[in-house]
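Below is one structure; the comments refer to it alone.
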Amino acid sequence: MFVEEVTKWYKINKRDLPWRDTKNAYIIWLSEIILQQTRVEQGLPYFHKFLERYKSVTEFADASEDEILKLWQGLGYYSRARNMHATAKIIKNEHNGVFPCNYETLLKLKGVGEYTAAAISSFSANEKHAVVDGNVYRLLSRYFGIETAIDSTIGKKEFKKLAYELLEQAEPFLYNQAVMEFGAIQCKPSSPNCANCPLRLNCYAYQHEMVDKLPVKDKRTKVKERFFNYLVVKDGTKVLLNKRIAKDIWQNMYDFPLIETAERLTESELIQSSHFEKFKKNTKLYIKSVSDEKKHVLSHQIIYARFWEIRMENTLLDEFNGVFWVNEDEIDQYAVPKIVDNYLKKF
DNA sequence: AAGCCGGGGCA
DNA sequence: TGCCCAGGCTT
């Protein structure tokens, strides 16, 4: 009943999405990685950009990481781009450039977990593996009235088992697409369209007025505050850039030399701090301007950033590892995080 | 098992 | 504000 209704609804209501009319595992992989934790509308332009730039997994493998990150800029979760590059190289070198369709093989690839392996194998080869993503958790928990937390180990097992049982009676390609689309369009997180839902008579949550209580999630990410002071150092038309090599947010992307403090400092406190003393040692330095504090919210941290525009001669580069000069008109070739991009727009 | 990893849209 | 998005990796 459930499977039939969802599939029937899908055939009538599905969106026309470009990765649905192909069996090409490379194209499906591209779309699936882009869509991890990302709405279709947000990922769509990136999908087109990447597919146009890299027609095959071999072309993807031959690109530089800098170029891939630049193309990925603005989409977030940049480890996806780095992992894709590593995976593309493995497929070029160890799979003769042929993208695998097999679930077990896919699972071994970097950046491909159970969800993505199920998606690629079912969409490209109709393999019988159930997709269990945020849409599926929501739809199943509501329809079947499951109150187990979806972010617990036991919950993940329970939902996976149910998803595989449902798939047993279904056509993998069609049904996997259908459940996710149903969750995304009909059984939305907030204000789902229950009034017009073909499942409402048998939906546990709807019948028990629990739609807004399901699915249950018990971990909430705690947010850490960080205070960034970016030193935008100029010498003529040249600017200092910094490659972020540390194991931190925005790894392998670029920003400016950074003084990070655990607490919010006033401008004068920062100027008097040891960090700043170290930076201006043996140099002539003029602070041209200091920006307002910019607030940048990530899922797990809040960054308060100030941009210090500084003119400087005789910079001590070794005080900041990974720092190098670039011409102003070359900055746009480097992948930068959103907060830096916003600043550069007014540069 | 818990923490980490972006950015945007919505109520 | 808080929550969620076609999740996965590291500790």
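Per UniProt numbering, the first sequence starts with residue 1, numbered consecutively.
Glycine included, each C-beta is placed from N, C-alpha and C at the ideal position.
From a predicted model like this one, the values you see are computed outputs, not experimental measurements.
Express the C-alpha separation of A305 and K294 in angstroms, rounding to a whole number.
As a working note, residue 294 is residue 294 in the first sequence. As a working note, residue 305 is residue 305 in the first sequence. Going from the Cα of K294 to the Cα of A305 covers about 5 Å.
I want to know whether the region 152-164 touches the region 132-144 - three or more CB-CB distances under 8 Å.
Cβ pair count under 8 Å is three or more, so yes.
Check for me: the beta strand (DSSP E) holding S289 runs from which residue to which?
Taking the first residue of the first sequence as 1, we reach residue 289 at position 289. That run of the beta strand (DSSP E) goes 284-290.
State the Cα-Cα distance for the pair G111 and R311, rounded to the nearest angstrom.
The residue given as residue 111 occupies position 111 in the first sequence. The residue given as residue 311 occupies position 311 in the first sequence. The alpha-carbon atoms of G111 and R311 are separated by roughly 42 Å.
Measure how close the beta-carbons of Y230 and F256 come, nearest whole angstrom, since I'm counting them as under 8 Å.
Walking along the first sequence from the start, residue 230 turns up at place 230. Walking along the first sequence from the start, residue 256 turns up at place 256. Correct: roughly 4 Å between the Cβ atoms.
Among S152, K280, I68, which one has its Cα closest to the Cα of R220?
For the purposes of this step, residue 220 is identified with residue 220 of the first sequence, where counting begins at 1. Nearest C-alpha to R220: S152.
Classify E32 as buried or exposed, calling it buried when 16 or more other Cβ atoms lie within 10 Å of its own Cβ.
Counted from its first residue, the first sequence places residue 32 at position 32. Looking at its Cβ environment, which holds 16 or more other Cβ atoms inside 10 Å, E32 is buried.
One question on the structure: do A195 and Y254 come within less than 9 Å of each other, judged by their Cβ atoms?
Along the first sequence, read from residue 1 onward, the residue named residue 195 stands at position 195. Along the first sequence, read from residue 1 onward, the residue named residue 254 stands at position 254. No.
Pairing CB atoms from the region 210-227 with CB atoms from the region 37-51, are three or more of them under 8 Å?
No, the region 210-227 is not in contact with the region 37-51.
Enumerate, from N- to C-terminal direction, the unbroken beta strand (DSSP E) stretches of 3 or more residues contained entirely within the region 219-300.
For the region 219-300, whole beta strand (DSSP E) runs of length 3 or above, ordered along the chain, are 224-235, 238-243, 258-261, 284-290, 294-297.
Assign N24 to one of three DSSP states: helix, strand, or coil.
Along the first sequence, read from residue 1 onward, the residue named residue 24 stands at position 24. Coil.
Classify R244: buried if its beta carbon has 16 or more other beta carbons within 10 angstroms, exposed otherwise.
Here the question's residue 244 lines up with position 244 in the first sequence. Buried, by the Cβ-count rule.
Tell me whether the beta-carbon of R142 lies closer than 9 Å to the beta-carbon of C101.
Residue numbering aside, residue 142 sits at position 142 when the first sequence is read from its first letter. Residue numbering aside, residue 101 sits at position 101 when the first sequence is read from its first letter. Against a cut-off of 9 Å, the Cβ pair of C101 and R142 comes out as no contact.
How many angstroms separate the CA atom of E330 from the CA atom of K238?
As a first step, residue 330 is located in the first sequence; it is residue number 330 there, counting from the start. As a first step, residue 238 is located in the first sequence; it is residue number 238 there, counting from the start. For E330 and K238, the distance between alpha carbons rounds to 9 Å.
Enumerate in chain order the residues of its own chain whose CB-to-CB distance from F307 is below 7 Å, with the five nearest sequence positions on each side excluded.
Walking along the first sequence from the start, residue 307 turns up at place 307. Excluding residues within five positions, the ones whose Cβ falls inside 7 Å are Y230, V232, S291, Y343.
Over the uninterrupted alpha helix (DSSP H) stretch that includes N321, give me the two end residues.
Along the first sequence, read from residue 1 onward, the residue named residue 321 stands at position 321. Where N321 is concerned, there is no enclosing alpha helix (DSSP H), given that its DSSP letter is neither H nor E.
My output table needs one value for Y54: the three-state DSSP class, helix, strand or coil.
As a position in the first sequence, residue 54 is number 54, starting the count at 1. Three-state DSSP puts Y54 in coil, outside helix and strand.
Output the residue ranges of the alpha helix (DSSP H) runs that lie fully inside the region 68-150 and measure 4 residues or longer, sorted by chain position.
Qualifying alpha helix (DSSP H) stretches, in chain order: 79-94, 103-107, 114-125, 134-144.
Secondary structure at M1, three-state DSSP: helix, strand or coil?
Sequence index remark: in the first sequence, residue 1 carries index 1 (1-based). Three-state result, M1: coil.
Smallest Cα separation from K156: which of K217, K89, I34?
Against the first sequence, residue 156 aligns to sequence position 156. Among K217, K89, I34, the Cα nearest to that of K156 belongs to K217.
Relative to the C-alpha of N126, which candidate in F60, H296, R20 has its C-alpha closest?
Walking along the first sequence from the start, residue 126 turns up at place 126. Taking only the C-alpha atoms, the option nearest N126 is R20.
Suppose you measure from the CA of Q169 to the CA of V3; what does that come to, to the nearest Å?
Here the question's residue 169 lines up with position 169 in the first sequence. Here the question's residue 3 lines up with position 3 in the first sequence. When rounded, the distance between both Cα atoms is 8 Å.
Nearest CA to the CA of W325: which residue from R200, E5, L241?
Working through the first sequence from its first residue, we reach residue 325 at position 325. The shortest C-alpha separation from W325 is found at L241.
Could you check what DSSP says for R173 in three-state terms: helix, strand or coil?
Here residue 173 is taken as the residue at index 173 of the first sequence, counted from 1. Position check: residue 173 holds Phe in this sequence, whereas Arg was assumed. If DSSP states are grouped into helix, strand and coil, F173 belongs with the helices.
DSSP beta-bridge partners for M180?
Your numbering for residue 180 matches position 180 in the first sequence. Paired residue(s): none; M180 is not in a bridge.
Nearest-angstrom Cα distance between I249 and Q207?
Looking up residue 249 in the first sequence gives position 249. Looking up residue 207 in the first sequence gives position 207. Between I249 and Q207, the C-alpha separation is close to 44 Å.
Suppose the cutoff is 8 Å on Cβ atoms and the five residues either side in sequence are ignored; what does the same chain contact list for I28 look like?
For this step, residue 28 is matched to residue 28 along the first sequence. W19, T22, A119, I120, F123, S124, listed in sequence order.
Have a look at the DSSP bridge pairing and note the partners of R311.
The residue labelled residue 311 in the question sits at position 311 within the first sequence. Answer is K234, Y286.
Who are Y304's beta bridge partners in DSSP?
In the first sequence, counting from the first residue as 1, residue 304 sits at position 304. DSSP, once it has assigned bridges, lists F227, K295 as partnering Y304.
When the Cα of Y26 is compared with those of R200, H85, V6, which residue comes out closest?
Taking the first sequence and counting its residues from 1, the one referred to as residue 26 is at position 26. The shortest Cα separation from Y26 among R200, H85, V6 belongs to H85.
Report the CB separation of F276 from L270 in whole angstroms; it is logged as a contact under 8 Å.
Taking the first residue of the first sequence as position 1, residue 276 is located at position 276. Taking the first residue of the first sequence as position 1, residue 270 is located at position 270. Correct: roughly 6 Å between the Cβ atoms.
Apart from the five residues on each side of it in sequence, which residues of its chain come closer than 7 Å, Cβ to Cβ, to R80?
The count along the first sequence starts at 1 and reaches residue 80 at position 80. The residues are I33, Q36, G111.
DSSP state of N196, grouped into three classes?
Locating residue 196 in the first sequence gives position 196, counting from the first residue. The answer is helix: DSSP assigns N196 an H, G or I state.
Taking the C-alpha atoms as reference points, what is the distance between I259 and I150?
Your numbering for residue 259 matches position 259 in the first sequence. Your numbering for residue 150 matches position 150 in the first sequence. Each residue's alpha carbon lies about 39 Å from the other.
Tell me which same chain residues have a C-beta within less than 6 Å of the C-beta of F227, skipping the five on either side of it?
Position 227 of the first sequence, counted from the first residue, corresponds to residue 227. Only T261, R264, Y304 meet the Cβ criterion.
What's the call for E147, buried or exposed, on a 16-neighbour Cβ count within 10 Å?
Looking up residue 147 in the first sequence gives position 147. Exposed, by the Cβ-count rule.
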